[in-house]
Every structure is written in C-alpha cells, then in structure tokens.
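Chemist: In the numbering used here, the protein residues as written are 7 to 129.
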C-alpha cells in the first residue's frame with residue numbers, strides 16, 4: 007500500500023539538509039573512502055607477503071629434495087663401500103649380502119643392542 011503522500015507515484019522528498027548535516031555526511035564519506043583505500047593497501051601488502059612466502063616455500067622444497075637425493079646417493083655409496091670391503095676380507099654369503107643391502111641405520115643399532123655390543127667398550 008502506498009501512502010497518501012505518494013500522489014505522483016514517487017516517495018516524498020526528504021526534508022532539505024542543513025549545511026552542517028551535509029558537511030558531516032561529506033566528512034563521513036571521505037573517512038570511509040580513506041579507510042577503504044587503507045584496507046586496499048593492506049590487502050595488497052598481504053598478497054605480496056603471501057607470494058614471497060610461496061616463493062620461499064618452493065625454494066626450500068627444491069633444496070630439501072636436492073639434499074635428500076644427495077643423502078640417498080651417499081647412503082648407496084657407503085653401502086657399496088661396506089660391501090666391497092667385506093668382499094675383500096673373504097667370501098660372503100648371498101643372504102649376508104642381501105641383509106647388508108636392505109639394512110638401515112636403525113636396524114644396525116637394534117642388532118648391536120640385541121647382541122650386547124652397544125655401550126660396551128673394547129680394549
């Protein structure tokens with residue numbers, strides 16, 4: 007339902023504003039614009055920081071992958087050296103050779119503990 011004051015189909019005009027009210031509205035609008043501009047700048051800075059963090063993350067990921075490849079290669083070389091030195095000492099069984107190829111540092115420590123060799127000093 008339309009109000010009786012809407013004789014021409016348009017809502018009635020608000021009462022005219024005083025210059026002080028207009029000044030307050032203009033000031034509030036300017037403050038909002040400044041706040042929006044400030045927030046836009048902060049968002050842009052956060053986006054830049056995020057992009058920088060992603061670049062660092064990619065770099066660290068690549069470095070870690072390279073270090074892991076080098077470590078794996080070194081472990082293979084150390085195992086090969088160990089096997090070669092055992093072969094020079096004398097005959098070695100295929101089972102012992104397979105055990106050495108599959109052995110990890112944790113397995114070796116567990117074997118020492120199991121045999122009582124860990125923590126014992128030899129003279």
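Note that CB positions come from ideal geometry on N, CA and C, so glycine has one too.
1. Of all the CB atoms in chain B, is at least one closer than 7 Å to the CB of residue 85?
2. Okay, do the stretch 63-77 and the stretch 90-98 touch, 3+ Cβ pairs below 8 Å being the bar?
3. Distance check for residue 26 and residue 39, CA to CA, integer angstroms please.
4. For my contact list, residue 85 and residue 106 are in at a C-beta cut-off of 8 Å; report their separation, rounded to the angstrom.
5. From this set, 108, 67, 61, 62, which residue's C-alpha is nearest residue 82's C-alpha?
6. Would you decide whether residue 128 is buried or exposed? Buried here means 16 or more other CB atoms lie within 10 Å of its CB.
7. For a test of the three-state rule: what should DSSP assign to residue 22, helix, strand or coil?
Modeler: On the basis of the supplied data:
1. Protein chain content of the structure displayed is limited to a single chain, and chain B is not contained in it.
2. Note that the stretch 63-77 does not touch the stretch 90-98; fewer than 3 beta-carbon pairs, one per stretch, sit closer than 8 Å.
3. Inter-residue distance for residue 39 and residue 26 is about 20 Å (C-alpha atoms, whole angstroms).
4. Sure, about 7 Å apart at Cβ, within 8 Å.
5. Nearest C-alpha to residue 82: 108.
6. Only weak support is given to the placement of residue 128: the predicted model assigns it a pLDDT of 45, under 50, and the value that follows is read from those uncertain coordinates. Counting of Cβ neighbours within 10 angstroms places residue 128 among the exposed residues, the total staying below 16.
7. DSSP, read as helix, strand or coil, puts residue 22 in coil.
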